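Protein chains in written order, with my numbering: chain A, 2 to 331; chain B, 4 to 350.
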C-alpha cells in the first residue's frame, strides 16, 4: 500500500510540474490569439446578429461604451461588464428605428440633418426610455432576437428595472457560455499536453513502470513533493490558474522547468531507452517500434496534463496526507 | 465585421511588415499590408478617415461612397447584413462634417427575396433618397443578375424621371457570382454575341451579366437614363491586351457617343499607366470629353497603387496634355457635377 501511495504521489508531482508548463503555454497562446475576447464576441454574435433585422452585435461592439474597452481598433475587449452591456443594448434598441434624416437643400446646396427625437424626458432615465425601447422592439421584424428582447423587457416600467432585467439575462448567459468555454479549453489543454508529452517524452505508462521499479527515485520524489506542497499551499489555495498574470505565468513555467531538470525524472529522450528493447535486429526498427509503443502512454499523459496543475496539486496534497496517516509496519 | 480581430496574429504580422523595409519589394509589401489593414477589420468611418487624409489640402472634396450588397452572390452570408451597413452609413453621415462630404450610392440587387416585384423594389429604394440622403444607385451585375432584369423597370422609370444616376460595375474581375449556374434563367433579352449560356464557371459567366452591350437593351426602354459604366471596361480593354481585344472599351465608347447621358469612369483602371494616353485622348475628344469621370476605387486599388500616387500621376499627365483646359478638373469636378445632378442632389 505505501508503494502505491508513493507511486501516486510521485506521479502527481511529475504531472503537476508539467501541467504548469501546459497551462502556461495555453494561457499565453490564448492571450496571443485573444481567445477569450473572440469567444465573448462569438457568444454575443450568436444571439445578436439577427439576419432578419440587423447585426446588433456589430452595433454593440461599435457603441462608444464598448468601443472604448478595446485595447486597439482591431481587437475585441476581453471582458464587458454586465452594466455596460445593458446600457449599450438599451441605447441601441431605443435608437434602432430612429435614423437621422438627411435631406438635400437645393437653395443652400447642402444637406440638412435632422436627428431623432426621443419620447418622454431626456434628462432623467424615466419611463420614456422604456417606451422608446419597446417601440424599438415593436419596429423589428419578427425574429428570435425580437422575442428575446420582448421577454427581457417584461415587467420593466422604468430604466432601472429594464437595466436590471438585461443585466440578469447577460449574467445568466455568460454563466452558460463559460461552461462551453471551459470545454473548449480542455481540448486546447489536451493539444498542448500532447505537444509537451512528445517534446519531453512524457510517457505515462513508462513513468508508472519506472516509479514502481525505482525505489530511490520514488523516495526522492516523495520527499520533494512534501516540501513542494508545504511551500506552495498558500498559492494554490488563493489562486485560480486562469487569473495568473503573464509575468507570474512565465516565472512559474521557468521554476517548474528548473525543478523538473533538477529531479531525476523518468522523462526525456535517450537513445539507450529506445534501442535494444525488442529482440529485432536494426536500430531503426527498434526506434520505430519504441515510438509506436509509446503512443498510448503519450495520449494518457496528454489527458493527464490537461487535468490542470491545481487539480494535480489537490491530488498531491491529499495523498501526502494519506501517506502521513499510514502507520509504519511494525 | 472585424477580420483582424479574429486573426490577431495576421494583424500583428501585417503591422510588422508595414514597418519593415525590404528594399526592392518593400513598396509592394507595404501596399498589400496597407490594403489588409484598411479593409480587413476596421469600421466604415475609419476607412473613410484614412481616405480623407489624402485630400486634406484639396479644399472642398466630396466622395462618392458605393455600398455593396453581397448577400445574393452565392458565397454565403456576410458577417453583417446589408441593412446594418446602410443604417451605419446614415448615422456616420449625420455626424460632424460628413453629410456634405459623403455622397452615398444605394446598392440595388433585384434578387433580394423581399423584392417580390418591381413596385416593391422601388418602394424600398425611395425612402433612402427622400429621407436619408442617398444620391445614386449602384449595381453590380457580375454578382449574378442582368441590368435589364424586369424587376428593375419601375426603378429605371423613376430614376429617369428624377435623373438619379446609376453606376454599374463594368469590368471582369474576381468578385462575381459564386453560386450554382444550373438552371439559371435565360436572359429576357438574349444577345447572341454577348450571352454564352454554356459557360459553367462563374468566373467566365460573369461576362454575360457584365457586358456593356447589355445596356443597349436598358437604354432602348429608358433612353434618358443617366448611367455610368464604371472602370471603362478595364485596363486590358483600353490597351487591347485582353481576350476581348478592346471590344468592351469600344462598346462603352460607342454608347457614350450615341447617348450623352452615358458616362464611364476610370476607377481602378488608372492604376495601369499604359492607359493614360487613351484616357487623355478621350479627354481631348469633344464627343466624349464630358462623360469621363475620375475615380480610384479606393480601397480595392490600394494593393496595386497608393491613392495619392494614382491621383497625382494622372493629374500630372492630363494637365500636360492641354494648355487651354485643365483636363483633370474637367474629369474630377465638372463632369461629376453633371453626373450627380438630380432631384436629390446638385453641386
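We put the beta carbon where it would ideally sit given N, CA and C, even for glycine. Bear in mind that the values here come from a model prediction, so they are computed numbers and not experimental data.
Original post:
Are any of the Cβ atoms in chain B nearer than 8 Å to that of residue 78 of chain A?
Top reply: No, because no Cβ of chain B sits closer than 8 Å to the Cβ of residue 78 of chain A.
Original post:
Can you tell me the Cα-Cα spacing of residue 167 of chain A and residue 142 of chain A, whole angstroms?
Top reply: C-alpha separation (whole angstroms): 21 Å.
**OP:** Please confirm whether residue 296 of chain B and residue 259 of chain B have their CB atoms less than 8 Å apart.
**Re:** Judged by beta-carbon spacing, residue 259 of chain B lies beyond the 8 Å limit of residue 296 of chain B, meaning their Cβ atoms are not closer than that value.
Original post:
Going along chain A in order, which residues have a C-beta closer than 8 Å to the C-beta of residue 90 of chain B?
Top reply: Correct list: 55, 100.
Subject >> Every unbroken beta strand (DSSP E) inside the region 157-243 of chain B [3 residues or more] >> reply: Listed in chain order, the complete beta strand (DSSP E) runs (minimum 3 residues) inside the region 157-243 of chain B are 169-172, 230-233.
**OP:** Decide if the region 160-175 of chain B is in contact with the region 338-350 of chain B; the criterion is three or more beta carbon pairs, one per stretch, under 8 Å apart.
**Re:** Result yes; three or more Cβ-Cβ pairs closer than 8 Å.
Original post:
Of all Cβ atoms in chain B, is any one closer than 8 Å to the Cβ of residue 158 of chain A?
Top reply: Under the Cβ criterion of 8 Å, residue 158 of chain A is not counted among the residues facing chain B.
**OP:** Would you kindly report the start and end of the unbroken beta strand (DSSP E) that includes residue 186 of chain A?
**Re:** No beta strand (DSSP E) contains residue 186 of chain A, which is instead part of the alpha helix (DSSP H) from 160-200.
Original post:
So what does residue 140 of chain B bridge to, in DSSP terms?
Top reply: Answer by DSSP bridge pairing, in chain order: B/109, B/169.
Original post:
With a Cβ-Cβ cutoff of 8 Å, do residue 23 of chain A and residue 306 of chain A count as a contact?
Top reply: Yes, these two residues count as a Cβ contact at 8 Å.
Subject >> Coil, strand or helix - residue 119 of chain B by DSSP >> reply: Of the three classes helix, strand and coil, the one that applies to residue 119 of chain B here is coil, per DSSP.
**OP:** Taking C-beta pairs closer than 7 Å, name the residues in chain B that residue 182 of chain A reaches, listed in chain order.
**Re:** Result: empty, since nearest Cβ-Cβ is about 16 Å, beyond 7 Å.
Subject >> Inter-residue Cα distance where the pair is residue 228 of chain B and residue 179 of chain B >> reply: Those two C-alpha atoms are separated by around 25 Å.
**OP:** Assign residue 15 of chain B to one of two classes, buried (16 or more other C-beta atoms within 10 Å of its C-beta) or exposed (fewer than that).
**Re:** The residue in question, residue 15 of chain B, is exposed, as its Cβ has fewer than 16 Cβ neighbours within 10 Å.
Original post:
How close, in whole Å, do the beta carbons of residue 313 of chain B and residue 304 of chain B come, if the pair is a contact with beta carbons under 8 Å?
Top reply: Beta-carbon to beta-carbon, residue 313 of chain B and residue 304 of chain B are separated by about 7 Å, close enough to satisfy the 8 Å threshold.
Original post:
For the candidate residues B/133, B/292, B/73, whose alpha-carbon lies nearest to that of residue 102 of chain A?
Top reply: If we check each option's Cα against that of residue 102 of chain A, B/133 comes out closest.
**OP:** Can you tell me which of B/266, B/151, B/53 puts its alpha carbon nearest to the alpha carbon of residue 353 of chain B?
**Re:** Within the shown structure, residues of chain B are numbered from 4 to 350, placing residue 353 of chain B beyond reach of any answer.
**OP:** Compute the distance between the beta-carbons of residue 113 of chain A and residue 104 of chain A, then report whether it is under 8 Å.
**Re:** Their beta carbons are under 8 Å apart, which means residue 113 of chain A touches residue 104 of chain A by this criterion.
**OP:** Determine the contact status of residue 6 of chain A and residue 323 of chain A, defining contact as a CB-CB distance below 8 Å.
**Re:** It is a contact, given that the beta carbons lie within the stated cut-off.
Original post:
DSSP beta-bridge partners for residue 209 of chain A?
Top reply: Partner(s): none; residue 209 of chain A has no beta bridge.
Original post:
On the three-state DSSP scale, how would you describe residue 51 of chain A?
Top reply: In the structure shown, residue 51 of chain A sits in coil (DSSP, three-state: anything other than H, G, I, E or B).
Original post:
What is the C-beta distance between residue 267 of chain B and residue 293 of chain B, in whole angstroms, given that I count them as a contact (C-beta under 8 Å)?
Top reply: In this structure residue 267 of chain B does not touch residue 293 of chain B by the C-beta definition: roughly 12 Å separates them, more than the 8 Å allowed.
Subject >> Distance between residue 236 of chain A and residue 260 of chain A (C-alpha atoms, nearest Å) >> reply: Their backbone Cα atoms lie some 17 Å apart in a straight line.
Subject >> Within 8 Å, strictly: CB atoms of residue 44 of chain A and residue 178 of chain A >> reply: Taking 8 Å as the Cβ cut-off, residue 44 of chain A and residue 178 of chain A qualify as a contacting pair.
Subject >> Within chain B, the residues that residue 93 of chain A reaches when beta carbons sit closer than 7 Å >> reply: What residue 93 of chain A touches in chain B: nothing, since even the nearest Cβ is about 11 Å away.
**OP:** Quickly, what does DSSP pair residue 322 of chain B with across the bridge? List them, please.
**Re:** None; residue 322 of chain B has no bridge partner.
**OP:** Show which residues of chain B have a CB atom less than 7 Å away from the CB atom of residue 139 of chain A.
**Re:** For residue 139 of chain A, there are no neighbours in chain B by C-beta distance under 7 Å, as the nearest C-beta there is about 17 Å away.
Original post:
Hey, is residue 102 of chain B's beta-carbon within less than 8 Å of any beta-carbon in chain A?
Top reply: So yes, residue 102 of chain B belongs to the interface.
Original post:
Buried or exposed: which applies to residue 217 of chain A, given that a residue is buried once 16 or more other Cβ atoms fall within 10 Å of its Cβ?
Top reply: Exposed, because fewer than 16 other Cβ atoms sit within 10 Å of the Cβ of residue 217 of chain A.
Subject >> Per-residue contacts from residue 133 of chain A into chain B (C-beta, under 7 Å) >> reply: Ordered by position in chain B, no residue passes the 7 Å Cβ test against residue 133 of chain A, which lies about 16 Å from the chain.
Original post:
Per the contact definition of three or more C-beta pairs closer than 8 Å, is the region 228-238 of chain B in contact with the region 265-282 of chain B?
Top reply: With a cut-off of 8 Å, the region 228-238 of chain B and the region 265-282 of chain B count as touching, because enough Cβ pairs lie within range.
**OP:** Starting from residue 9 of chain A, find everything on chain B with Cβ-Cβ shorter than 8 Å and list it in chain order.
**Re:** For residue 9 of chain A, no chain B residue has a C-beta closer than 8 Å to its own C-beta; the minimum C-beta separation is roughly 40 Å.
Original post:
At what residues does the beta strand (DSSP E) containing residue 114 of chain A begin and finish?
Top reply: Segment 111-115, the beta strand (DSSP E) holding residue 114 of chain A.
Original post:
Whose C-beta lies closer than 6 Å to the C-beta of residue 257 of chain B among residues of the same chain, with five residues either side of it excluded?
Top reply: Within the same chain, residue 257 of chain B has no close Cβ partners at all.
**OP:** Please confirm if the region 196-210 of chain A is in contact with the region 291-298 of chain A, defined as three or more CB-CB distances below 8 Å between the two stretches.
**Re:** Proximity of the region 196-210 of chain A to the region 291-298 of chain A meets the contact definition, three or more beta-carbon pairs being nearer than 8 Å.
Original post:
Below 8 Å between beta carbons: does that hold for residue 93 of chain A and residue 60 of chain A?
Top reply: Taking 8 Å as the cut-off, the Cβ atoms of residue 93 of chain A and residue 60 of chain A count as close.
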